[in-house]
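Numbering (my numbering), first residue to last: 15 to 146.
Ideal placement from N, C-alpha and C gives every residue a C-beta, glycine not left out.
Report on one structure; see the data block that follows.
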C-alpha cells in the first residue's frame, strides 16, 4: 500500500506551531504556493536552547483554503500532491525547521512536477534545503 501521509515526526500539528511560523517565519510566494518557514533559532524562545540539544526533524503543515476550491475532493488531492513532493525533499531538509505551505488559487491546475520544482526552489531560497 502506498503511504500518502508524512511521517508523524514531520507533521506540524499544533495551533501554536502554526502561529509561531506565521509570526516569526520567513515567507516566499510563488505562482502556486505561499511558503513560510521558521528556523530553529529564529523564534525568541528557541534562542534559549543550548547548542547541544538535539533538534527535531523538519515539521511541515499544509493549508488549502476553500477559496482555492469549494470541493473537499479537490483540496485533498492538492494536499496529497504536495505531500508526495515533500517526501522526495524530506531527506535534504535541515533539522529544526517548521514550514507551512499554503496553496494559492491557481494551484488547482498545477501538476506534480510543478509542485516538486516550486517546492524545491522555495525551500532552497528559504535555506531549508541546500540549493542546486
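For residue 100, which residues from the same chain have a beta carbon less than 7 Å from its beta carbon, with the 5 sequence-adjacent residues on both sides left out?
-> As a first step, residue 100 must be located in the chain shown, where it is residue number 86. Cβ neighbours of residue 100 beyond the five flanking positions: 20, 74, 133.
Under 7 Å between C-beta atoms of residue 89 and residue 78 | Position 75 of the chain shown, counted from the first residue, corresponds to residue 89. Position 64 of the chain shown, counted from the first residue, corresponds to residue 78. It is a contact, given that the beta carbons lie within the stated cut-off.
Could you check if residue 30 is buried or exposed, using at least 16 other CB atoms within 10 Å of its CB as the buried criterion?
-> Numbered from 1 along the chain shown, position 16 holds the residue referred to as residue 30. Under this definition residue 30 is an exposed residue.
Just list the beta strand (DSSP E) runs in the region 21–90, keeping only unbroken ones of 3 residues or longer that don't cross its boundaries, in chain order.
-> 40–43, 47–52, 73–77
Are the Cβ atoms of residue 121 and residue 48 separated by less than 7 Å?
-> On the chain shown, residue 121 is found 107 positions in, with the first residue counted as 1. On the chain shown, residue 48 is found 34 positions in, with the first residue counted as 1. For residue 121 and residue 48, no; Cβs fall outside 7 Å.
Kindly list the residues whose CB is nearer than 8 Å to the CB of residue 111, restricted to its own chain and excluding five residues on each side of it in sequence; keep chain order.
-> Mapped onto the chain shown, residue 111 falls at position 97. Once the five neighbours on either side are set aside, the close Cβ partners of residue 111 are 51, 52, 53, 54, 72, 73, 142.
Own chain residues within Cβ distance below 6 Å of residue 69, not counting five before or after | Counted from its first residue, the chain shown places residue 69 at position 55. So the list reads 54, 109, 110, once near-sequence residues are dropped.
Which partner residues of residue 113 appear in the DSSP bridge assignment?
-> Working through the chain shown from its first residue, we reach residue 113 at position 99. Beta-bridge pairing links residue 113 to 51, 74.
C-beta contact flag for residue 26 and residue 140 at 7 Å = Walking along the chain shown from the start, residue 26 turns up at place 12. Walking along the chain shown from the start, residue 140 turns up at place 126. No.
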